[in-house]
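Notes follow the structure.
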Amino acid sequence: AQSVTQLDSHVSVSEGTPVLLRCNYSSSYSPSLFWYVQHPNKGLQLLLKYTSAATLVKGINGFEAEFKKSETSFHLTKPSAHMSDAAEYFCVVSRGGSYIPTFGRGTSLIVHP
Amino acid sequence: GAGVSQTPSNKVTEKGKYVELRCDPISGHTALYWYRQSLGQGPEFLIYFQGTGAADDSGLPNDRFFAVRPEGSVSTLKIQRTERGDSAVYLCASSLTGSLNTGELFFGEGSRLTVL
């Protein structure tokens, strides 16, 4: 079985401060991990993905995530938040060989001016 | 169009009615997924097609839900005898190969279903 736990339902930051969205995964096999972003009334968009290459993955819009096998974590970070980053973020896991990605419950990122 | 297209964008129906939701994937994508997203939740897997066949339908909640993809392109999600609990946003996604190790999912904007 595979699952993801997003540890915070809401994260609130000020514009220009760092962002940390936490994700822990559970997978019986070597997982592929993804972060997706969902802006209001928009479709889900891939931010970045980890597929057993480099453990530090860079994505779009300055986001990055680090795969830590020992901690079963794949936290999403950004050095400096922008107002346009306000959205819902989903951590996604797919075990090796599985075609079915499993989504976390989501973390709502709120950015204050 | 270049992206995944879903119609209708909004559907309001009455309890007990039949509903069809359509998904037009990106041209050439062999894999197609349906997910359901309730308010405040992450997308929940319903069914996965590889070509014309349903490779995995383990997420369909009951036999009122059915999906087809007869020509390996457009897919239709069909819900019979709708219930208020079926109210959600139904998301469709397509992928080039279906392998999550190499590909990403491209999502449509969803069909919001409201059952009164």
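As you go down the protein sequences, you meet chains S and U in turn. 1552 is the number that the working numbering gives to position 103 of the first sequence; each next residue is one higher, with no gaps. 123 is the number that the working numbering gives to position 46 of the second sequence; each next residue is one higher, with no gaps. Note that CB positions come from ideal geometry on N, CA and C, so glycine has one too. Computed from a prediction, not measured in an experiment: that's the story for all the values here.
Nearest neighbour of Gly149(U), chosen from Phe142(U), Arg141(U), Asn139(U), Gly128(U) [CA to CA]: Gly128(U)
Straight-line Cα distance separating Phe1516(S) from Asn178(U): Note on Asn178(U): pLDDT 49, under 50, position unreliable in the model; the coordinate value appears next. Distance between the alpha carbons of Asn178(U) and Phe1516(S) is about 15 Å.
Distance between Leu1470(S) and Lys1491(S) (C-alpha atoms, nearest Å): 20 Å
C-beta atoms of Leu259(U) and Leu109(U) nearer than 8 Å: Given that chain U is displayed from residue 78 to residue 193, the structure contains no residue 259(U) and the question cannot be resolved.
Residue nearest to Pro1528(S) in terms of C-alpha spacing, selected from Glu1520(S), Glu1464(S), Gln1455(S): Glu1464(S)
Inter-residue Cα distance where the pair is Gly119(U) and Gly1508(S): 21 Å
Simplified DSSP assignment, three categories, for Asn139(U): coil
Proximity to Thr1500(S) [Cα-Cα], best of His1488(S), Thr1466(S), Phe1483(S): Phe1483(S)
Residue-chain proximity (Arg1471(S), chain U), Cβ-Cβ < 8 Å: no
Chain S contact for Glu186(U) (CB, 8 Å cutoff): yes
Distance CB(Ala165(U))-CB(Leu182(U)) smaller than 8 Å: no
The region 116-137 of chain U: positions lying closer than 9 Å to chain S by Cβ: Gly117, Gln118, Gly119, Pro120, Glu121, Phe122, Tyr125, Gln127, Ala132, Asp133, Ser135, Gly136
Per-residue DSSP class, three states only, for Ser1461(S): strand
Unbroken beta strand (DSSP E) run spanning Thr1454(S), endpoints: 1451-1455
Residues near Glu1513(S) in its chain [Cβ-Cβ closer than 8 Å; skip 5 each side]: Leu1497, Leu1505, Val1506, Lys1507, Leu1525, Thr1526, Lys1527
Pairwise C-alpha distance: Val1542(S) and Ser1481(S): 6 Å
Given Ser1479(S) as reference, the closest of Thr1556(S), Asp1457(S), Ser1452(S), Gln1487(S) once Cα atoms are compared: Ser1452(S)
CB contact below 8 Å: Pro1489(S) versus chain U: no
Euclidean distance between Cα positions of Thr1521(S) and Cys1472(S): 9 Å
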